[in-house]
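Colleague:
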Amino acid sequence: MEKILSSNDNFIEDVYDKVNVYHFHLVPMEFCIENIIFAGLVLSHGKPQINSILEPIVKNLKILELGITFNSRTERFINIKFFLLFAVFDKPARAMALNIKNSNGFFGCLKCLQPGKTLKTKKKGNVHVYFFSYYSNDGPERNSENYEKCLLRIKKLSLKEYKGIIGPCSLQNLGEFKPIQNTSIDSMHSICLGVIKSLFKYWFEMPDDKFSLKRHITKINDRVLKIRSIKSCQIALRPVSEWRYYKAKDFLIFMIYYAIPVFYQIMTYEYYQHLLQSIISLEILYSEKIDIVNLETARRMLINFVKKKDTLYNSFILKSSVHELLHQIKSSNRKD
Numbered sequence: 056m057e058k059i060l061s062s063n064d065n066f067i068e069d070v071y072d073k074v075n076v077y078h079f080h081l082v083p084m085e086f087c088i089e090n091i092i093f094a095g096l097v098l099s100h101g102k103p104q105i106n107s108i109l110e111p112i113v114k115n116l117k118i119l120e121l122g123i124t125f126n127s128r129t130e131r132f133i134n135i136k137f138f139l140l141f142a143v144f145d146k147p148a149r150a151m152a153l154n155i156k157n158s159n160g161f162f163g164c165l166k167c168l169q170p171g172k173t174l175k176t177k178k179k180g181n182v183h184v185y186f187f188s189y190y191s192n193d194g195p196e197r198n199s200e201n202y203e204k205c206l207l208r209i210k211k212l213s214l215k216e217y218k219g220i221i222g223p224c225s226l227q228n229l230g231e232f233k234p235i236q237n238t239s240i241d242s243m244h245s246i247c248l249g250v251i252k253s254l255f256k257y258w259f260e261m262p263d264d265k266f267s268l269k270r271h272i273t274k275i276n277d278r279v280l281k282i283r284s285i286k287s288c289q290i291a292l293r294p295v296s297e298w299r300y301y302k303a304k305d306f307l308i309f310m311i312y313y314a315i316p317v318f319y320q321i322m323t324y325e326y327y328q329h330l331l332q333s334i335i336s337l338e339i340l341y342s343e344k345i346d347i348v349n350l351e352t353a354r355r356m357l358i359n360f361v362k363k364k365d366t367l368y369n370s371f372i373l374k375s376s377v378h379e380l381l382h383q384i385k386s387s388n389r390k391d
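Those letters in the sequence shown? Residues 56 to 391, per the numbering used here, in order.
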């Protein structure tokens, strides 16, 4: 679920369902467009009320949990039940749907109980960041047990919120859905339009800093334009000087297919090695088939990537999207 249009006070929110069939010879089917169901579209003047979107969807999902009876070739009748097992939202929609604080506030992380810290900018603004925790880099973990304890404390003491939880949500009424554990991190906004886009801002909008690549922009453009698109990537990128027009997929394609040859011997060794860790991790995470051993490699690399980021850049880069990299591996490897 995500906001697909925002103009002045007008919003459009869309909701899609994806049907997965858990059978060994049908697993690839989950990537087919035939498995995508358009569940709803809401147009609103002003910020939409998320419950007005979710309530009818939850009502229908509860009916599907009871099952639908079909005629079968092998049996007279067969009852097939449907359960919501996972959900993904962009960050504003996620906060509303789960009734939690947004990621730019204290205790705004979906997956852990780290509060974060608010920094003052030179222009007297505020940026909420999550410094790397050497004690527990991705914890203390949020789970169903402490989520329920937060809800109980809020109700008992009539609190407005507690540790990032504002109150119950309609999705928790579903039989198999756990709001915290079964909500995935939105990689499009968190990684592509979060982590990667922020790196472009640092590389090409801050000419006086040690990490700036702006003085090399002509050479970088030339290298990008000389690279032919490969079969699995049928997109010719704009020059990097036009990165502000990049879409989420463009940022991801640049990182996976272009960044290594384009930045070779342009980026200093320390920054280049740091970037390589994120690229290798992304290649693993975006693979159609993920090997457990490779996930462990990605986990170690992402820890090192996040750990060194404020030293190589600055503390303001440590927004929630960077912090969420530390949770990506567990989100990719959940079995509950």
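Even for Gly, the Cβ is constructed at its ideal location relative to N, Cα and C. Since the structure is predicted, the reported quantities are computational estimates derived from the model, not experimental observations.
Suppose the cutoff is 7 Å on Cβ atoms and the five residues either side in sequence are ignored; what does the same chain contact list for Pro83 look like?
Modeller: Interpretation of Pro83 is limited by its pLDDT of 44, a score under 50 that renders its predicted location unreliable; no figure is taken from the coordinates.
Colleague: What separation, rounded to the nearest whole angstrom, lies between the Cα atoms of Leu330 and Arg293?
Modeller: Leu330 and Arg293: Cα-Cα distance of roughly 21 Å.
Colleague: Looking only at C-alpha atoms, which of Lys344, Glu297, Gln104 and Glu379 sits nearest to Ser242?
Modeller: Out of Lys344, Glu297, Gln104 and Glu379, Glu379 has the C-alpha closest to the C-alpha of Ser242.
Colleague: Rank Glu120, Asn134 and Leu119 by C-alpha distance to the C-alpha of Asn126 and give the top, closest one.
Modeller: The option with the nearest alpha carbon to Asn126 is Asn134.
Colleague: Could you have a look at Thr129 and say whether DSSP puts it in helix, strand or coil?
Modeller: Note: Thr129 maps to coil in three-state DSSP.
Colleague: Using three-state DSSP, classify Lys172 as helix, strand or coil.
Modeller: Strand at Lys172.
Colleague: By Cβ distance, which residues of its chain are closer than 7 Å to Phe79, with the 5 residues on each side in sequence left out?
Modeller: A caution first: Phe79 carries a pLDDT of 41, below 50, which makes its placement in the model too unreliable to give a value.
Colleague: Considering only heavy atoms of the ligand ZN, does any lie closer than 8 Å to the CB of Ser375?
Modeller: Ligands displayed in this structure: none; no statement on the ligand ZN is therefore possible.
Colleague: Buried or exposed, going by whether 16 or more other CB atoms sit within 10 Å of the CB of Ile251?
Modeller: It counts as buried.
Colleague: Please name the residue in Ser342, Ser188 and Ile220 whose C-alpha comes closest to that of Asn359.
Modeller: It is Ser188 whose Cα lies nearest to the Cα of Asn359.
Colleague: Return helix, strand or coil for His80, following the three-state DSSP convention.
Modeller: A caution first: His80 carries a pLDDT of 41, below 50, which makes its placement in the model unreliable, though a value can still be read off. Residue state, collapsed to three classes: coil.
Colleague: Between which residues of its own chain and Phe137 is the CB-CB distance below 7 Å, once the five residues before and five after are set aside?
Modeller: Hits under 7 Å: Leu119 and Glu120.
Colleague: Can we say the stretch 314-327 touches the stretch 339-349, given the rule of at least three CB pairs closer than 8 Å?
Modeller: No: the two stretches stay apart, fewer than three of their Cβ pairs being nearer than 8 Å.
Colleague: How do the stretch 174-189 and the stretch 204-218 stand: do at least 3 beta-carbon pairs fall below 8 Å, yes or no?
Modeller: These segments do not touch.
Colleague: Which full runs of the alpha helix (DSSP H) of 4+ residues lie inside the stretch 177-243, going along the chain?
Modeller: Taking only runs of at least 4 residues, the alpha helix (DSSP H) segments lying wholly in the stretch 177-243 are 199-212.
Colleague: Is the stretch 166-175 touching the stretch 258-277, taking contact as three or more C-beta pairs under 8 Å?
Modeller: These segments do not touch.
Colleague: With 9 Å as the threshold, decide whether the Cβ of Cys224 is near any Cβ in chain B.
Modeller: Of the protein chains in this structure there is only one, and it is not chain B.
Colleague: Just confirm the distance between the C-beta atoms of Asn201 and Gln236, as a whole number of angstroms; I'd bet it's less than 8 Å.
Modeller: Not quite, the Cβ-Cβ distance comes to about 11 Å (not below 8 Å), so this is no contact.
Colleague: Whole angstroms is fine: what's the gap from Tyr313's alpha carbon to Ser370's?
Modeller: Computed Cα separation, rounded: 27 Å.
Colleague: Compare the beta carbon distance of Lys259 and Ile246 with 9 Å and say whether it is the shorter of the two.
Modeller: Before going further, note that residue 259 is Phe rather than Lys in the sequence given. No; because the gap between Cβ atoms is not below 9 Å, this pair is not in contact.
Colleague: Of the choices Val317, Glu325, Asn192 and Arg283, whose alpha-carbon is the least far from that of Val361?
Modeller: The candidate whose alpha carbon is nearest that of Val361 is Asn192.
Colleague: With DSSP as the reference, label Asn157 as helix, strand or coil.
Modeller: In the structure shown, Asn157 sits in coil (DSSP, three-state: anything other than H, G, I, E or B).
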